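A.B. asks: Following our numbering, the numbering of the sequence shown begins with 6 at its first residue and continues without gaps.
Ideal Cβ positions, reconstructed from N, Cα and C, are used throughout, including at glycine.
Owing to the predicted nature of the structure, the values given are computational and were not obtained by experimental measurement.
Sharing a structure here in structure tokens format.
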Amino acid sequence: MRMLVAWCLVSSLCYAFLPHGWLDSVRWLLIAALVAIIGWIVALRLRR
């Protein structure tokens, strides 16, 4: 759930601050998803 919220925040920030080209939006959404997944994995490792 936290990852989903973080992903939505990053996505909205990307849409707010970056050019609204379709390809740019898709590229930044993919980058945001990768960052969210990496952050989630790091958080799981820190918890242990």
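#1: Output the distance between the C-alpha atoms of residue 30 and residue 10, rounded to the nearest integer angstrom.
#2: Apply the 10 Å Cβ neighbour rule to residue 48 and answer buried if 16 or more other Cβ atoms are within range, or exposed otherwise.
#3: What does the alpha-carbon distance come out to for the pair residue 33 and residue 16?
#4: Spatial neighbours of residue 42 within its chain, please: C-beta separation below 7 Å, excluding the five flanking residues on both sides.
#5: Between the C-alpha atoms of residue 12 and residue 51, what's the straight-line distance to the nearest angstrom?
C.D. replies: This is what the structure gives:
#1: One C-alpha to the other measures close to 18 Å.
#2: Counting Cβ neighbours within 10 Å, residue 48 comes out exposed, since fewer than 16 surround it.
#3: Between residue 33 and residue 16, the C-alpha separation is close to 8 Å.
#4: Result list for residue 42: empty, nothing under 7 Å.
#5: Rounded to whole angstroms, residue 12 to residue 51 spans 20 Å at the Cα level.
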